[in-house]
Amino acid sequence: MREKVEIVGVNIDNVTMEDCKGLLKDFLMGDRLSIIATPNSEMLYNAVKDRELEQLLNSSQLVIPDGIGVVIASRFYKAPLKERVAGIDLMAKIAELAYEQEKSIFMLGASQEVIELAADKLRERYPGLKIAGIRNGYFGTEDETEIISEVNAAGADILFVGLGSPKQEQFMHRHRESLNAKVAIGVGGSFDVIAGKLTRAPEIMQKLGLEWLHRLFKQPSRIGRMMKLPKFIILAFYDSKARSK
Ligand code: UDP
C-alpha cells in the first residue's frame with residue numbers, strides 16, 4: 004500500500020519522483036486508465052468548498068503534491084510529505100518514458116497556438132517521440148464525445164490534459180470508462196510553459212520553494228488566486244489540530 008497524507012480532506016500520495024517513475028510503468032501496463040491529479044495549494048483550498056473536486060481528487064489513482072504549500076502544510080500532520088513533485092516535472096518524466104517505451108501521447112488543452120508550439124517543443128526535445136494528436140482546450144461539453152473518439156482513434160497511450168482546474172479533473176473522470184489510454188494527467192498551465200509563453204522560476208528559486216513568487220511577479224493578475232496559498236496553510240494548520248485531538 005502506498006503511504007498517503009490526508010490534508011484538508013484530500014489524500015496526497017507520499018511519493019518521490021523516483022516512486023512516480025515506477026508507478027507510471029505499472030500504470031502503462033494496466034488494463035484501464037489511471038488518472039494522475041496534481042493539486043497545489045489553490046486546488047486543495049478549492050476542494051474544501053467544492054466537494055465534487057475533493058471526490059475527484061480522492062478517486063484519482065495517483066495524487067502528487069504539485070506545490071511547495073502542500074509540502075509545508077503536510078508538516079502539520081503526523082507524516083510529512085517527502086518532497087514536492089511538480090506536475091510539469093512529472094509530465095517531462097512521462098514524455099521521457101513514452102519516448103523510451105515508444106508510447107504515444109495526445110495533448111489536449113490551451114490555445115491552438117500554444118498547443119501547436121508545445122508539441123513542436125516536445126518533438127524537438129525528444130526527436131521521434133510519438134505525438135498521437137493535439138487539440139486545443141476551448142470546446143463545449145457537446146464536443147467531448149467526439150474528442151474521446153479522436154483520442155481513441157489516434158491510439159494514444161497517454162493523455163495530457165491542460166484545461167485548468169476543476170475542468171481537467173472533471174474531464175478525465177467523466178471519460179475514464181470510454182478512454183482507451185492508460186494514463187491521463189492534469190497538467191494545468193504546463194503547455195504554456197513548454198511552449199515558452201510562460202517561464203518557470205530559476206532553479207534556485209524552485210529549490211527554495213519560491214516558484215509561486217516568480218509566478219506572481221510574471222502574472223500579477225493572479226494575486227487573488229494566489230492569496231489562497233496562505234489561506235490554505237492556515238486552514239491546514241487548524242485541520243491538523245482538529246484531527247490530532
Ligand atoms: N484552458 C483551456 N480551456 C479552458 C480554460 C483554460 O484549455 O476552457 C487552459 C489555459 O489556456 C491554460 C490552462 O488551461 O493553458 C490553465 O492554466 P492555469 O494557469 O489556470 O492552471 P494552473 O497552472 O494554475 O494549474
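Going by the working numbering, the first residue of the sequence shown is number 4, and it counts up by one from there. Virtual Cβ for every residue (Gly too), placed ideally from N, Cα, C.
Helix, strand or coil for residue 151 per DSSP? helix
Among 208, 16 and 106, the one whose alpha carbon lies nearest that of residue 62: 16
If the criterion is Cβ atoms closer than 8 angstroms, does the pair residue 184 and residue 120 meet it? no
Stretch pair the region 29–41 + the region 188–204: three plus CB contacts closer than 8 angstroms: yes
Less than 8 angstroms between the beta carbons of residue 113 and residue 139, yes or no? yes
Nearer than 7 angstroms: is that true of the beta carbon of residue 141 relative to any heavy atom of the ligand UDP? yes
Is the separation between the beta-carbon of residue 76 and that of residue 60 shorter than 8 angstroms? no
Every unbroken alpha helix (DSSP H) within the region 195–231, with a cutoff of 4 residues, ordered by chain: 206–210, 214–221 and 226–229
For residue 48, which option in 247, 92, 236 and 206 has the closest C-alpha, if you only look at C-alpha atoms? 236
Given the structure, does residue 168 come close to the ligand UDP, in the sense that its CB is under 7 angstroms from one of the ligand's heavy atoms? yes
To the nearest angstrom, report how far apart residue 165 and residue 207 are at their CA atoms. 26 angstroms
Residue closest to residue 90, alpha-carbon to alpha-carbon, out of 229, 170, 194 and 245: 194
Could you tell me whether any non-hydrogen atom of the ligand PLP is closer than 7 angstroms to the CB of residue 194? Looking for the ligand PLP in the displayed structure turns up nothing; the ligands present are the ligand UDP.
For residue 133, report the span of its beta strand (DSSP E) as first-last. 133–138
What is the rounded straight-line gap between the Cα of residue 71 and the Cα of residue 248? 26 angstroms
Verify whether the separation of the beta carbon atoms of residue 122 and residue 157 is less than 8 angstroms. no
For residue 111, write down the residues that DSSP places opposite it in a beta bridge. 138 and 164
In whole angstroms, give me the CA-to-CA distance for residue 192 and residue 177. 21 angstroms
Can you tell me whether residue 145 is buried or exposed? The criterion is at least 16 other CB atoms within 10 Å of its CB, across all chains shown. exposed
Using the beta-carbon count (16 or more within 10 Å), is residue 87 buried or exposed? buried
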